[in-house]
Each structure stands twice: as structure tokens, then as C-alpha cells.
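These notes concern the structure reproduced below.
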Amino acid sequence: MVLRQSFLIILAFFGMVLCGLIYLNTNQNSCKPQIIEKVITKKNWKLKNFGLRSPVGLVYNQPSALVSRTDVASVTPWLAPIVWEGTFDSRVIDSIYKQQNITIATTVFALGKYTRFLKDFLESAEEHYFVGFRVHFYLFTDQPEEVPNVKLGQERYLTVKTLPSMNRWQDISMSRMEILEKLIENELASEADYIFCLDVDTKFYGRWGVESLGRLVGVIHPWFFNVPRFLFTYEHRPKSQAYIPAGKGDFYYTGAAFGGSLKDVHNLTKTCREQMNIDTANSIEALWHEESHLNKYFLYNKPSKLLSPEYLWRDISMSSGSVKIIRFSHVAKNNAEVRPNL
Numbered sequence: 052m053v054l055r056q057s058f059l060i061i062l063a064f065f066g067m068v069l070c071g072l073i074y075l076n077t078n079q080n081s082c083k084p085q086i087i088e089k090v091i092t093k094k095n096w097k098l099k100n101f102g103l104r105s106p107v108g109l110v111y112n113q114p115s116a117l118v119s120r121t122d123v124a125s126v127t128p129w130l131a132p133i134v135w136e137g138t139f140d141s142r143v144i145d146s147i148y149k150q151q152n153i154t155i156a157t158t159v160f161a162l163g164k165y166t167r168f169l170k171d172f173l174e175s176a177e178e179h180y181f182v183g184f185r186v187h188f189y190l191f192t193d194q195p196e197e198v199p200n201v202k203l204g205q206e207r208y209l210t211v212k213t214l215p216s217m218n219r220w221q222d223i224s225m226s227r228m229e230i231l232e233k234l235i236e237n238e239l240a241s242e243a244d245y246i247f248c249l250d251v252d253t254k255f256y257g258r259w260g261v262e263s264l265g266r267l268v269g270v271i272h273p274w275f276f277n278v279p280r281f282l283f284t285y286e287h288r289p290k291s292q293a294y295i296p297a298g299k300g301d302f303y304y305t306g307a308a309f310g311g312s313l314k315d316v317h318n319l320t321k322t323c324r325e326q327m328n329i330d331t332a333n334s335i336e337a338l339w340h341e342e343s344h345l346n347k348y349f350l351y352n353k354p355s356k357l358l359s360p361e362y363l364w365r366d367i368s369m370s371s372g373s374v375k376i377i378r379f380s381h382v383a384k385n386n387a388e389v390r391p392n393l
């Protein structure tokens with residue numbers, strides 16, 4: 052009798068173990084679809100990675116390891132190139148990127164009286180901006196009826212998106228980061244390879260091509276490229292999320308032009324938007340609004356490529372010995388006349 056009871060106890064024990072194993076296996080299997088779903092919904096960034104393959108038979112001048120421009124710096128301390136005239140061969144770099152079938156998204160904002168700058172911006176872009184490559188312009192405006200009818204070339208596209216009017220130019224400036232963040236998330240992540248975000252009160256005067264492409268691209272501000280950093284107009288109030296301590300900083304970057312891969316620019320815009328929201332909650336507005344937050348971001352997230360002031364000059368009528376060519380420039384304007392609250 053005792054032996055039989057012992058046998059039944061052992062049998063019951065093994066039965067419980069077996070049921071436990073079956074339960075665990077079933078529970079693990081039920082988790083698998085959730086894991087798979089998480090992988091599937093992960094953002095699918097479109098950026099291609101073909102390397103820098105040069106086509107066979109391409110003829111170009113021999114590069115030199117000894118001879119280069121000596122009047123400007125062409126590399127940063129973190130080994131990111133600074134693009135100037137004379138630091139690249141357009142034949143070589145165009146032939147490399149032509150094989151990759153890339154799309155460059157480009158955003159511009161034209162609210163209020165800034166619509167007057169659209170015609171020159173778009174027409175000059177057709178002449179100089181990524182010529183021969185697929186470009187999709189995304190124009191944000193509160194006056195879609197004022198968008199000029201500019202004839203675009205093959206594989207050049209324009210999408211107009213309507214925004215509500217804003218009473219403060221500072222709000223227009225700071226809202227861009229959130230709008231760009233959502234645009235990348237909702238439309239561009241799987242549609243484009245690179246993005247540039249440009250001011251509209253500008254005009255192209257020379258080549259802006261694939262030499263400007265990179266993972267994260269900043270443009271050196273034309274007013275601060277040749278001055279010591281104690282003159283940089285960083286945000287120096289510790290209360291702001293854009294705060295940069297005195298004596299810190301690499302370059303002063305313009306907020307009027309920046310770009311890179313969709314993934315990297317998305318992270319930039321998301322971070323700046325979050326930090327501006329914190330500032331708003333703390334009743335503080337950074338000195339130069341989103342440009343101040345952009346400079347804070349670039350200080351701790353180094354750009355992989357920098358564009359010289361050739362890629363955003365201060366005024367076509369002004370000259371500088373270091374700037375051999377003006378590719379893109381702000382146009383002369385009366386800020387008090389075009390900005391809504393000045």
C-alpha cells in the first residue's frame with residue numbers, strides 16, 4: 052500500500068512537471084508574435100550604402116597628398132571634412148553618386164510675406180541645386196495660392212503643404228523642428244535618402260551638389276567663420292536647454308541650412324523639439340531660437356561633414372578672400388518689413 056502511494060505521488064509530481072513545461076512552452080510561443088511585430092514596425096530608413104564605388108573608365112586629374120588649399124581648414128579635429136571650392140572633384144563625386152539612384156528631400160518654409168522669395172529660390176535651385184539628381188521639394192506655407200508656377204525639370208518634384216498663419220516670426224522659426232520631425236516620420240523615412248532644410252529668403256548662385264551629402268551636415272555661419280568663439284552668439288543662460296558654457300564650442304552653425312540622412316536629421320529635430328518644449332515649460336526662449344538648440348546639438352553630436360560659408364553666404368554683394376565662390380546666399384531684405392512682429 053505504501054509502495055503504491057509512493058508511486059502515485061511520483062507519478063503526480065512528474066505530471067505536474069510535464070504540465071509546467073507545456074505551459075512555459077505555450078507561453079513562450081505566445082510571445083513570439085509580439086517580438087516579430089516589434090521588429091516589423093521598426094522604422095525602415097531608406098539610406099543606401101553602396102560605398103564610394105567609382106565607375107570603370109572615369110578620367111580625372113590625379114589627386115595629390117601634398118598639394119591642397121592652405122588658406123582654409125579642410126578637416127575638423129574629429130576628422131570631418133569641411134567642403135570648400137578646390138577640395139573635391141565634381142566629376143569624381145558625381146559619377147559615384149549617379150550609380151546610387153538617390154532622392155534628396157528639401158524643405159522650405161514660406162509664411163506671410165516670405166512667399167515673395169519663392170520664385171527666385173525655386174528657379175535658382177533648378178539651375179544649381181543637385182542638378183541631374185532626383186529632388187523632392189516640400190514647401191510649407193500659409194498662402195498656397197501664392198506659390199509661383201515654376202517649371203521643374205525631370206525627376207524634380209514640389210509638394211505644397213498648408214500651415215496656419217503665425218503672429219510671431221520666432222514661433223515660425225521654432226515650429227520648424229517639430230514639423231520636420233513629423234514629416235520625416237510620416238512620409239520621408241522610406242521615400243528619401245537625404246534631406247536638407249533650407250531658408251527660403253535665399254538664392255543659389257553656384258553648384259550645390261552631392262559633395263554636400265553626409266550622415267549629419269552642418270553649415271558654418273557666414274558671420275562667424277573667421278572670429279574667435281567668445282564672439283559666437285551661443286545661448287549662455289544655464290536655465291535654457293540650449294546652454295553652452297563660455298569657452299566651449301567648435302564652430303557656430305547656421306540654422307538656415309542643415310541636413311543629412313533621414314535617420315540622423317530625425318534625431319536632431321526630435322531632440323531640438325524636446326529641448327524647446329522644456330524651455331517653454333520653464334518660461335525661457337533661447338537667444339536665437341532653434342538655431343541655438345541646433346548649435347547645442349552639434350556640439351555634442353558632431354557633424355560628419357561641414358559645409359563652408361560658400362554654402363550659405365550673408366549677401367551676394369559682400370566678398371571675402373577665403374570664399375572663392377558663392378553657391379547659396381541670403382538675399383537682401385528689410386526684416387522689419389517681412390517679419391510679422393517687428
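Just so you know, we're using the numbering used here here: the sequence shown kicks off at 52 and counts up by one.
Ideal Cβ placement from N, Cα and C applies to all residues, glycine included.
Remember, predicted model here, so these are calculated numbers, not experimental data.
Close Cβ partners of residue i (< 6 angstroms) along its chain, the five nearest in sequence each way excluded
i, result
"residue 292", "326, 329 and 330"
"residue 319", "348"
"residue 142", "111"
"residue 314", "96"
"residue 364", "273, 377 and 380"
"residue 140", "111"
Three-way DSSP call (helix, strand, coil) for residue i in this model
i, result
"residue 246", "strand"
"residue 139", "coil"
"residue 149", "helix"
"residue 254", "strand"
"residue 308", "strand"
"residue 279", "coil"
"residue 375", "coil"
"residue 178", "helix"
"residue 367", "coil"
"residue 271", "strand"
"residue 230", "helix"
"residue 201", "coil"
"residue 295", "coil"
"residue 261", "helix"
"residue 195", "helix"
"residue 236", "helix"
"residue 336", "coil"
Own chain residues within Cβ distance below 7 angstroms of residue i, not counting five before or after
i, result
"residue 345", "304, 306, 309 and 323"
"residue 360", "271, 273, 276 and 374"
"residue 337", "286, 291, 293, 330, 343 and 344"
"residue 146", "105, 106 and 109"
"residue 135", "120, 123, 125, 359 and 361"
"residue 133", "124, 125, 126, 127, 357 and 359"
"residue 204", "177"
Run of the alpha helix (DSSP H) containing residue i, from where it starts to where it stops
i, result
"residue 347", "341-351"
"residue 118", "Here residue 118 belongs to no alpha helix (DSSP H), and DSSP marks it neither H nor E."
"residue 313", "313-332"
Outcome for residue i when other beta-carbon atoms lying within 10 angstroms are tallied against a minimum of 16
i, result
"residue 129", "exposed"
"residue 117", "exposed"
"residue 268", "buried"
"residue 289", "exposed"
"residue 366", "exposed"
"residue 210", "exposed"
"residue 301", "buried"
"residue 370", "exposed"
"residue 202", "exposed"
"residue 206", "exposed"
"residue 351", "exposed"
"residue 189", "buried"
"residue 341", "buried"
"residue 299", "exposed"
"residue 115", "exposed"
"residue 161", "buried"
"residue 169", "buried"
"residue 131", "buried"
"residue 199", "exposed"
Range covered by the beta strand (DSSP E) that runs through residue i
i, result
"residue 207", "207-213"
"residue 356", "356-358"
"residue 381", "379-381"
"residue 157", "154-161"
"residue 190", "185-192"
Minimum Cβ-Cβ distance from residue i to chain B less than 9 angstroms
i, result
"residue 318", "You won't find chain B in this structure, because it holds only one protein chain."
Contact set for residue i: own chain, Cβ-Cβ below 8 angstroms, skip 5 residues either direction
i, result
"residue 335", "288, 290 and 291"
"residue 297", "281 and 287"
"residue 316", "231, 235, 246, 248, 267, 309 and 310"
"residue 259", "179, 180, 181, 362, 378 and 379"
"residue 148", "184, 261 and 264"
"residue 171", "254 and 382"
Item checked: Contact the segment 155-172 vs the segment 233-244: 3+ CB pairs below 8 angstroms -> Yes: at least three Cβ pairs fall under 8 angstroms.
Checklist line | Cβ pair count under 8 angstroms reaching 3, the segment 206-220 against the segment 278-285 | finding: They do not touch, by the three-pair rule.
Next item on the list: Inspect the CB distances between the segment 247-258 and the segment 173-192 and report whether three or more fall short of 8 angstroms.
Entry: With a cut-off of 8 angstroms, the segment 173-192 and the segment 247-258 count as touching, because enough Cβ pairs lie within range.
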